[in-house]
Amino acid sequence: MIRPLCALLAASLSIALVEARQKPFEPDPPMTCDACAEWNAPQKPFKVFGNTYYVGSAGLSSVLVTGDQGHVLIDVALTQSAPLIDANIRALGFKTSDIKLILTSHAHYDHVGGVRSMQRHTGATVVSSARGVEALRLGKPTADDPQAGTGAFPAVTTNLRVAADGETLRLGSIAITAHYTPGHTPGATSWTWQSCEGARCLSVAYVDSLTAISDDGYRFSGDASHPGIVDAFRHSLDVVDNLPCDIALTTHPSASGMEKKVQAREAGAAQDPFIDAGACRALARSARAGLDARIAKEGARR
284 MIRPLCALLA ASLSIALVEA RQKPFEPDPP MTCDACAEWN APQKPFKVFG
334 NTYYVGSAGL SSVLVTGDQG HVLIDVALTQ SAPLIDANIR ALGFKTSDIK
384 LILTSHAHYD HVGGVRSMQR HTGATVVSSA RGVEALRLGK PTADDPQAGT
434 GAFPAVTTNL RVAADGETLR LGSIAITAHY TPGHTPGATS WTWQSCEGAR
484 CLSVAYVDSL TAISDDGYRF SGDASHPGIV DAFRHSLDVV DNLPCDIALT
534 THPSASGMEK KVQAREAGAA QDPFIDAGAC RALARSARAG LDARIAKEGA
584 RR
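This is the structure in structure tokens:
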């Protein structure tokens, strides 16, 4: 019995040494906002489909796409969300240190606040649209953002890469495509990829925010300071309408009804509630109605 006991002790020591070498997560200072506590409430991580996993909080999405040569993480929410996301990734059995790319949707504090600390922890390359990279470097929304007054976030100034509209990024077995969808912000980007379970492959879309909301005094229509924004917004909705989309995920999970879908799945729904080929079209249709209502309201104020 001596040899097995020695082997067990050696294995335990090896595990302890590995754990000791793991770099502790060092988040940036927590952000303060009216909805921050609600947004950052814990959410049990789960597999969406294939190699796609939800690792965000209850109110702010973060999505992990795993691959044979490293992983891709989309959005890192608030600064205080980053350690929660790290813990969720590890709870699923993956290594946060294996993240090679961090992609972003739009550069507001509630979606990119934790990017800098996650990049610092992993050494990953941060990828965004051209306008998204501009805002990440600034550490705040650009001046022409409808919500330019939205709070600042930790600036990301190193290891940044621009993804062109329609460009497909490849990391081993992962191929993920950028789709510029400006409107909510000038640099808004949606992402699509395929996830497979056995021979069955589905298209997953991470759809950026599509709401026409703004700071006080901003007008989407009839303002010479940002001509063409309404046309750009409408084009973005056409893009979303036509995305490859068997599964739609959104920057705020409530926008795509994630909580109800999780509950239905856990209750043993006959059909997987996350699989819905009409989900992106429904998101675009709802956003068109919201944009039309906003423009009509602006016209009524003249």
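For reference, each letter of the sequence shown is one residue, going 284 to 585 in the numbering used here.
Glycine included, each C-beta is placed from N, C-alpha and C at the ideal position.
Separation of L361 from P313, as counted between CA atoms:
The sequence position of residue 313 within the sequence shown is 30, counting from 1. The sequence position of residue 361 within the sequence shown is 78, counting from 1. Near 8 Å, if we compare the C-alpha coordinates of L361 and P313.
Using DSSP's beta-bridge definition, name the partner residues of G353.
As a first step, residue 353 must be located in the sequence shown, where it is residue number 70. DSSP output for G353 lists D351 as bridge partner(s).
Take the Cβ of T441 as the centre, count every other Cβ of all protein chains shown within 10 Å, and call the residue buried at 16 or more, exposed below.
As a working mapping, residue 441 is identified with position 158 in the sequence shown. Answer is exposed; the Cβ neighbour count stays below 16.
Taking DSSP's pairing of strands, which residues face L526 in a bridge?
Counted from its first residue, the sequence shown places residue 526 at position 243. None, per the DSSP bridge assignment.
In the structure shown, what three-state DSSP assignment does R568 receive?
For the purposes of this step, residue 568 is identified with residue 285 of the sequence shown, where counting begins at 1. It is helical.
List the endpoints of the continuous alpha helix (DSSP H) containing T405.
Position 122 of the sequence shown, counted from the first residue, corresponds to residue 405. Segment V398 to T405, the alpha helix (DSSP H) holding T405.
In terms of DSSP beta bridges, what is S473 paired with?
Position 190 of the sequence shown, counting from 1, holds the residue named residue 473. DSSP lists H462 as partners of S473.
Spatial neighbours of H509 within its chain, please: CB distance less than 7 Å, with the 5 preceding and 5 following residues excluded, ordered by chain position.
Working through the sequence shown from its first residue, we reach residue 509 at position 226. If we look at H509 and ignore the five residues flanking it on each side, its Cβ neighbours are D427.
According to DSSP, is V513 helix, strand or coil?
Position 230 of the sequence shown, counted from the first residue, corresponds to residue 513. Helix at V513.
Coil, strand or helix - V395 by DSSP:
In the sequence shown, the residue the question calls residue 395 occupies position 112. Here V395 sits in helix by DSSP.
With a threshold of 16 other CB atoms inside 10 Å of the CB of N371, please say whether the residue is buried or exposed.
If you number the sequence shown from 1, residue 371 lands on position 88. Using a 10 angstroms sphere on the CB of N371, the tally of other CB atoms reaches 16 or more, which defines it as buried.
Determine, using beta-carbon pairs with one atom in the segment 419-426 and one in the segment 367-381, whether at least three such pairs fall under 8 Å.
no
If you follow the alpha helix (DSSP H) that R548 is in, where does it begin and where does it stop?
One-based indexing of the sequence shown puts residue 548 at position 265. Counting along the chain, the alpha helix (DSSP H) containing R548 begins and ends at M541 to E549.
Do you know how far the Cα of C479 is from the Cα of A294?
On the sequence shown, residue 294 is found 11 positions in, with the first residue counted as 1. On the sequence shown, residue 479 is found 196 positions in, with the first residue counted as 1. Since pLDDT at A294 reaches only 49, below the 50 mark, its modelled position is unreliable, and the value read off the structure follows with that caveat. For A294 and C479, the distance between alpha carbons rounds to 35 Å.
Expressed to the nearest angstrom, what Euclidean distance is found between the alpha-carbon atoms of D491 and P536?
Here residue 491 corresponds to residue number 208 of the sequence shown, with the count starting at 1. Here residue 536 corresponds to residue number 253 of the sequence shown, with the count starting at 1. Approximately 11 Å, taken between the alpha carbons.
Reducing DSSP to helix, strand and coil, say where C563 ends up.
As a first step, residue 563 is located in the sequence shown; it is residue number 280 there, counting from the start. Residue state, collapsed to three classes: helix.
Helix, strand or coil for R373? Go by DSSP, reduced to three states.
Sequence index remark: in the sequence shown, residue 373 carries index 90 (1-based). Residue state, collapsed to three classes: helix.
Between the segment 544-557 and the segment 513-525, do at least 3 Cβ pairs fall closer than 8 Å?
no
Would you check if the distance between the CB atom of W476 and the CB atom of T387 is smaller than 9 Å?
Translated into positions along the sequence shown, residue 476 becomes position 193. Translated into positions along the sequence shown, residue 387 becomes position 104. Cβ distance not < 9 Å, so W476 and T387 don't count as in contact.
I382 - DSSP class collapsed to helix/strand/coil:
For the purposes of this step, residue 382 is taken as the residue at position 99 of the sequence shown. Strand.
Can you list, in chain order, the residues of its chain with a C-beta nearer than 7 Å to that of D381? Leave out the 5 residues immediately preceding and following it.
Counted from its first residue, the sequence shown places residue 381 at position 98. Around D381: G353 and H354.
In chain order, what residues of the same chain have a beta carbon less than 8 Å from the beta carbon of R373, not counting five sequence neighbours either side?
Here residue 373 corresponds to residue number 90 of the sequence shown, with the count starting at 1. Cβ within range, chain order: T379.
Using DSSP's beta-bridge definition, name the partner residues of E586.
Limits of the chain in this structure are 284 at one end and 585 at the other, which puts residue 586 out of reach.
Note the first and the last residue of the continuous alpha helix (DSSP H) segment covering R420.
Here the question's residue 420 lines up with position 137 in the sequence shown. Here the alpha helix (DSSP H) through R420 covers A413 to L421.
Quick one: what does DSSP say A360 is sitting in, helix, strand or coil?
Mapped onto the sequence shown, residue 360 falls at position 77. Of the three classes helix, strand and coil, the one that applies to A360 here is strand, per DSSP.
Could you give the first and the last residue of the continuous alpha helix (DSSP H) run that contains E450?
Taking the sequence shown and counting its residues from 1, the one referred to as residue 450 is at position 167. That residue, E450, is in no alpha helix (DSSP H); it is neither H nor E in DSSP.
Is it the case that the segment 449-467 contacts the segment 516-523, given that we only count it when at least three CB pairs across the two stretches are under 8 Å?
Because the criterion of three Cβ pairs below 8 Å is met, the segment 516-523 and the segment 449-467 touch.
In whole angstroms, give me the CA-to-CA distance for I357 and V398.
The residue given as residue 357 occupies position 74 in the sequence shown. The residue given as residue 398 occupies position 115 in the sequence shown. Spanning the two alpha carbons is a distance of roughly 10 Å.
For A488, which three-state DSSP category applies?
Reading the sequence shown from its first residue, position 205 is the one you call residue 488. Note: A488 maps to strand in three-state DSSP.
Using 9 Å as the threshold, is the C-beta distance between R414 and G449 below it?
Along the sequence shown, read from residue 1 onward, the residue named residue 414 stands at position 131. Along the sequence shown, read from residue 1 onward, the residue named residue 449 stands at position 166. No, the Cβ-Cβ distance between R414 and G449 is not below 9 Å.
Would you identify the three-state DSSP class for K580, choosing helix, strand or coil?
As a position in the sequence shown, residue 580 is number 297, starting the count at 1. Looking at K580 - three-state DSSP - the assignment turns out to be helix.
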